[in-house]
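The sequence shown begins at 85 in the working numbering and counts up one residue at a time. By construction, the Cβ of each residue, glycine as well, lies at the ideal position given by its N, Cα and C atoms. Right, one structure below, let's go through it.
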Amino acid sequence: MPVHFSTIPEEIKPEMEELAPSDEFWMGEALKEAQLAFDQQEVPIGAVLVFDNQIVARSGNRTLRDQDPTAHAEIVTLREAARVLGNHRLVGTKLYVTLEPCAMCAGALIQARVASLVYGASDPKAGAVHSHFEICTTAFLNHRVEVLSGVRDLECAAILQQFFRARRKQPLL
Ligand SMILES: [Zn+2]
């Protein structure tokens with residue numbers, strides 16, 4: 085018989101919560117995907133989708149490699165997660181991404197019914213979660229995504245800054 089969390093004695097609960105990986109841990113996994121994208125000369129943004137304390141799917145940005153303008157880390161991750169879980173609705177899942185999602189990706193999170201979004205750095209230019217639009221939390225859509233921002237934001241921003249600094253140094257072709 086499966087053990088339900090509610091049946092676990094109160095004194096053990098805090099210990100069990102400690103054992104569950106933290107948001108910082110999962111963001112570290114998203115950062116690894118950002119680094120892999122960086123190594124492929126892609127804009128270094130990474131994402132992982134977590135369900136039941138396990139990574140279901142993970143990806144970095146792939147727009148250049150796939151020659152696909154929609155191949156943002158979040159979209160590739162959601163597609164893979166839907167395939168793995170055998171469901172286009174990703175109910176109860178949590179998406180971690182290093183940068184605030186754009187309008188396309190925030191819209192996809194709504195379509196997929198993702199429960200929570202955790203992102204690292206803000207994107208004042210194209211972010212569509214807090215910076216503009218507030219797509220994930222707007223009242224008139226039929227689904228809202230719980231949002232936590234700023235997790236390991238300095239590291240998430242640093243890898244992007246490093247990428248664009250290096251790119252500016254390259255001679256123009
Ligand atoms: Zn996007």
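Report task. Kindly give me the distance between the Cβ atoms of Phe217 and Ala187, rounded to whole angstroms, as I take these residues to be in contact under 8 Å. Result -> 6 Å
**Report entry** Check: Glu164 C-beta below 7 Å from any heavy atom of ligand 1
**Finding:** no
Report task. Only counting runs of 3 or more residues, tell me where the beta strand (DSSP E) segments fall wholly within the segment 117 to 161, in order along the chain. Result -> 130 to 135 and 138 to 144
Requested in this report: List in chain order the residues whose CB is within less than 6 Å of at least one heavy atom of ligand 1.
Outcome: His156, Glu158, Pro185, Cys186, Met188 and Cys189
Query raised in the report: Cβ atoms of Thr147 and Ala155: under 8 Å apart, would you say?
Result: yes
**Report entry** Three-way DSSP call (helix, strand, coil) for Glu108 in this model
**Finding:** helix
Query raised in the report: Going by Cα to Cα distance, which pick from Val140, Val181, Gln195 and Gly176 is closest to Val168?
Result: Val140
Query raised in the report: The beta strand (DSSP E) spanning Ala205 covers which residue range?
Result: Ser200 to Ala205
Query raised in the report: Exposed or buried, which one is Phe122 when buried takes at least 16 other CB atoms within 10 Å?
Result: buried
Requested in this report: Report all residues from its chain with a CB closer than 6 Å to the CB of Tyr180; omit the five preceding and five following residues, and keep chain order.
Outcome: Trp110, Met111, Ala114, Val132 and Val202
Query - Of the listed residues Glu108, Cys240 and Ala199, nearest to Asn226 (C-alpha basis) - result: Ala199
Query - 6 Å Cβ shell around Ala205 - same chain, five flanking residues per side excluded - result: Leu183, Asp237, Cys240 and Ala241
Query raised in the report: Would you report the Cα separation of Val213 and Asp136, rounded to the nearest angstrom?
Result: 24 Å
Report task. Determine the direct distance from the alpha carbon of Arg252 to that of Gln262, and round the result to whole angstroms. Result -> This structure does not reach residue 262, given that the chain is present from 85 up to 257, and the question cannot be answered.
Report task. Pick helix, strand or coil for Cys184, following the three-state DSSP scheme. Result -> Checking the sequence, you will find Glu at residue 184 rather than Cys. Glu184: coil per DSSP, three-state reduction.
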